[in-house]
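Everything on this sheet refers to the single structure shown next.
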Amino acid sequence: MAEEIVAEYERRRSGANVEFAKQKSRGDMFGIFVAALVVMAVRQAYLAIWGHGSGLNVLLVLVPLVALTVYWRLIRARERKAVRLSSLYATALDRVNGVATQTGHTGESLAAEDHIYAWDLDVVGRDSLLGMLATTRTAIGQKALAELLLEPTTVAAARKRQAAVKELTPALDLRERVALLGASKFEEIPAETYERWLEVETEAPAVWIRPLLIAVNVGWIVLLAVGWARYGALTAYLRPTESLLLAQAMICLWLRPRARQELAAAKKLFGQTTILRSGLRIVQEAKFESERLLELQRECAGQDEVLRLLERWLMVVEHREKEWFSVLTVLFCGGTQALFGLRRWKKLYAEPMRRWLAAWSEMEALLALATYAAEHAENVYAEIVDTAAVFEAVAMVHPLLPRGKAVANDVALGGEAQFLLISGSNMAGKSTLLRTIGVNAVLALAGAPVPAKRLRLSALRIGASLAVRDSLAEGKSKFLAEVERLRAVLTMARENPAQCLFLIDEILSGTNSADRRAAAGAVLRGLLEVGAIGALSTHDLALAELAEIAELSGRNVHMASPNDDDPLEFDYLLKPGVNRTTNALAIVRLLGLMG
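In my numbering, the protein residues as written are 2 to 596.
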């Protein structure tokens, strides 16, 4: 299956390159024709002005010039589309072939600094799960993807998303259409821009201001038209026309301070609104079967004409300061009229707009997960069960590691073993295994397939303590930061009985062995009493006693080198029992401190 997607990507990239060469050749040729007609038009206009030619000759050149220019621009648009398409599939091939598996998006702004697992499991950040998955078209799509990965879910919601991803996985044409939305791939604004614009409450001017402005606007146009029609009477109409123009200018200047800020915020939305409207239309035109996709399709209803109206006002805002449009904008109060139009639009359609944004952003997130599924056909969809906390995986690997190099492990939590106590030395793979458990749970509950032969899990709430750090600014030591995280995990487990998965690396490493044993036992009992499941790693063999307490239902496992002669030759396999080997001398040799 991996070969199939690679072959399809290669075919589409090759086709895009052929199309680019074809359109570039045609564009260059027609560009020469357009330039020649421009020269001819200038020459005919010169002759007509000096009485050596006819205006008809100018017209005969201008008509084909305009038509040819329109066609030439169309060719150039096709050329740009082919370039984008080629780039799209070149990037996709790099992902599939392992050349560049990260998209360049980190999602760091989308997760709180104290999120209970985002940073510990590398869900966000450099070389992260979100960085691998974020093939979304817009920032709001990336935000929705982050929400799928970072927010708790239910069994029903996870199953719906899973069915949606399955349906979207073979829909490469649909994903291509979405990827090509907009004039260029660089049209992106921060995810919160729309929401900020919708939330801003503005001080509305008196209701009579807009009708007055329209009346003044129409008044000077009528006066000017009548004066022009009466030829000699034009000068008689100039004075009242000037008065109306002055009144119009005073109204606009009065409104200008409040208008400038609002219009500057709205200007950022033009390109994204076009993408949104076109994307929602694609969703509405598609044929879906899964429940969640049909729900999203219904939520997109009624948007086209409403968003077209918004587009028109935003187009005025976008172009009002450009040289070719600025005179008309000033004469007809384009900015002020756009201000009134946008305020009215927001008043009428703010709530439907939020619904459309939510539907579109989730669709983008599901398409990103479908892209991952299509590019990882060897993955399996998890069985999501409505039971007490359970996590059972067979031959599971970390999704961020190359499949050919990653070592698979079986993990069973819930039932006979409520927790695993993983002992082992540094570099043996304990922390990676904890992350593998957590990140696969995140991926499965988002609706995506996971790198394993089988995975069965409930709708787990995840809490992790793997990468807590001290904070000089907050005066917080690493030990205090870990205590606060463990307290957060305990609170979550108590608020969600029989639903929590805890993952703890080197629990309370900042204290002595006896205190650690007592405190770790208390934390573990607190978690297990409310039905949580999980795993914790340690170097301290004294903690292995916790897994021997029958009432706690734990299990000792370890990770170590299978080679007694080389304790640093790790196989990264999970083995039963407590680790009894040490590698201190080998590490000292590694540091060059022993011969």
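Built from N, CA and C at the ideal position, the CB exists for glycine as well.
Judging by CA-CA distance, which residue of 506, 544, 538, 11 is the nearest neighbour of residue 523? As a working note, residue 523 is residue 522 in the sequence shown. With distances taken between Cα atoms, residue 523 lies closest to 544.
Just list the residues that DSSP pairs residue 410 with in beta bridges. Within the sequence shown, residue 410 is the residue found at index 409, counting from 1. Bridge pairing for residue 410: 397 [DSSP].
Excluding the five sequence neighbours on either side, which residues of its own chain have a C-beta within less than 7 Å of the C-beta of residue 166, listed in chain order? Here the question's residue 166 lines up with position 165 in the sequence shown. These residues qualify, in order along the chain: 367, 370, 371, 374, 448, 449.
Among residues of its own chain, excluding the 5 on either side of residue 531, which ones have a beta-carbon nearer than 6 Å to its beta-carbon? Numbered from 1 along the sequence shown, position 530 holds the residue referred to as residue 531. Cβ neighbours of residue 531 beyond the five flanking positions: 494, 495, 498.
Three-state secondary structure assigned by DSSP to residue 514: As a first step, residue 514 must be located in the sequence shown, where it is residue number 513. Correct three-state label for residue 514: helix.
Three-state secondary structure assigned by DSSP to residue 129: As a position in the sequence shown, residue 129 is number 128, starting the count at 1. The answer is coil: DSSP assigns residue 129 none of H, G, I, E or B.
In terms of DSSP beta bridges, what is residue 418 paired with? On the sequence shown, position 417 is the one that residue 418 refers to. Looking at the DSSP output, residue 418 sits in a beta bridge with 415.
Excluding five sequence neighbours on each side, which residues of the same chain lie with their C-beta closer than 7 Å to the C-beta of residue 388? By one-based count along the sequence shown, residue 388 stands at place 387. Closer than 7 Å at the Cβ level, and outside the excluded window around residue 388, lie 459.
For residue 558, report the span of its beta strand (DSSP E) as first-last. By 1-based counting over the sequence shown, the position of residue 558 is 557. Run containing residue 558: 555-560, per the beta strand (DSSP E) assignment.
Beta-carbon contacts of residue 548 that lie in its chain and below 7 Å, excluding the five residues immediately before and after: Position 547 of the sequence shown, counted from the first residue, corresponds to residue 548. Contacts found: 422, 555, 556, 557.
Ignore the nearest five residues each way along the sequence and tell me which others in residue 120's own chain have a CB closer than 6 Å to its CB. For the purposes of this step, residue 120 is taken as residue 119 along the sequence shown, with counting starting at 1. Setting aside the 5 residues that flank it on each side, residue 120 is surrounded in the same chain by 468, each with a C-beta closer than 6 Å to its C-beta; the list follows chain order.
Can you tell me whether residue 560 is buried or exposed, with buried defined as 16 or more other CB within 10 angstroms of its CB? As a first step, residue 560 is located in the sequence shown; it is residue number 559 there, counting from the start. Answer is buried; the Cβ neighbour count reaches 16.
8 Å Cβ cutoff met for residue 443 and residue 122: Here residue 443 refers to the residue found at position 442 when the sequence shown is read from its first residue. Here residue 122 refers to the residue found at position 121 when the sequence shown is read from its first residue. Yes, these two residues count as a Cβ contact at 8 Å.
Since residue 503 sits in a beta bridge, which residues does DSSP pair it with? Position 502 of the sequence shown, counting from 1, holds the residue named residue 503. In the DSSP output, where bridge partners are listed per residue, residue 503 has 464, 535.
Does the region 88-99 come close enough to the region 62-80 to have 3 or more Cβ pairs within less than 8 Å? Contact between the region 88-99 and the region 62-80 is not established, with fewer than three Cβ pairs separated by less than 8 Å.
For residue 394 and residue 424, I'd like the C-alpha separation in whole angstroms. As a first step, residue 394 must be located in the sequence shown, where it is residue number 393. As a first step, residue 424 must be located in the sequence shown, where it is residue number 423. The alpha-carbon of residue 394 is positioned some 20 Å away from that of residue 424.
Backbone secondary structure at residue 425 - three-state DSSP: Sequence index remark: in the sequence shown, residue 425 carries index 424 (1-based). Judged by DSSP in its simplified three-state form, residue 425 adopts strand.
Confirm, please, whether the CB-CB distance from residue 386 to residue 130 is below 8 Å. Residue mapping note: residue 130 aligns to position 129 of the sequence shown, counting from 1. Residue mapping note: residue 386 aligns to position 385 of the sequence shown, counting from 1. Not a contact, by the Cβ cut-off of 8 Å.
Quick one: grab the DSSP three-state call for residue 153. Sequence index remark: in the sequence shown, residue 153 carries index 152 (1-based). It is coil, neither helix nor strand.
Could you check where the beta strand (DSSP E) with residue 455 kicks off and where it finishes? Working through the sequence shown from its first residue, we reach residue 455 at position 454. Boundaries of the beta strand (DSSP E) harbouring residue 455: 455-459, taken from the DSSP string.
May I have the straight-line CA-CA distance separating residue 299 from residue 291, to the nearest angstrom? Residue mapping note: residue 299 aligns to position 298 of the sequence shown, counting from 1. Residue mapping note: residue 291 aligns to position 290 of the sequence shown, counting from 1. Take the alpha-carbon of residue 299 and the one of residue 291: they are about 13 Å apart.
Which residue comes first and which comes last in the alpha helix (DSSP H) that contains residue 39? Walking along the sequence shown from the start, residue 39 turns up at place 38. 3-50 is the span of the alpha helix (DSSP H), which, as asked, contains residue 39.
To the nearest angstrom, report how far apart residue 111 and residue 141 are at their CA atoms. Numbered from 1 along the sequence shown, position 110 holds the residue referred to as residue 111. Numbered from 1 along the sequence shown, position 140 holds the residue referred to as residue 141. The C-alpha of residue 111 lies about 11 Å from the C-alpha of residue 141.
Outcome for residue 506 when other beta-carbon atoms lying within 10 angstroms are tallied against a minimum of 16: Residue numbering aside, residue 506 sits at position 505 when the sequence shown is read from its first letter. When all chains shown are included, residue 506 counts as buried.
8 Å Cβ cutoff met for residue 376 and residue 137: What you label residue 376 is simply residue 375 of the sequence shown in a count that begins at 1. What you label residue 137 is simply residue 136 of the sequence shown in a count that begins at 1. Result no, Cβ atoms of residue 376 and residue 137 do not sit closer than 8 Å.
Buried versus exposed call for residue 30 [16 or more other C-beta atoms within 10 Å across all chains shown]: Counting from 1 along the sequence shown, the entry for residue 30 is found at position 29. Taking every protein chain shown into account, the CB of residue 30 has fewer than 16 other CB atoms within 10 angstroms, so this residue is exposed.
Using the C-alpha atoms, what's the distance from residue 350 back to residue 509? Here the question's residue 509 lines up with position 508 in the sequence shown. Here the question's residue 350 lines up with position 349 in the sequence shown. About 53 Å.
Keeping to the same chain, check which residues put their C-beta closer than 7 Å to that of residue 466; ignore five residues upstream and five downstream. Here residue 466 corresponds to residue number 465 of the sequence shown, with the count starting at 1. Cβ within range, chain order: 121, 483, 486, 487, 490, 505, 506.
If I'm right that residue 151 touches residue 116 with Cβ under 8 Å, what's the distance once you round it to whole angstroms? As a working mapping, residue 151 is identified with position 150 in the sequence shown. As a working mapping, residue 116 is identified with position 115 in the sequence shown. About 6 Å; that satisfies the 8 Å criterion.
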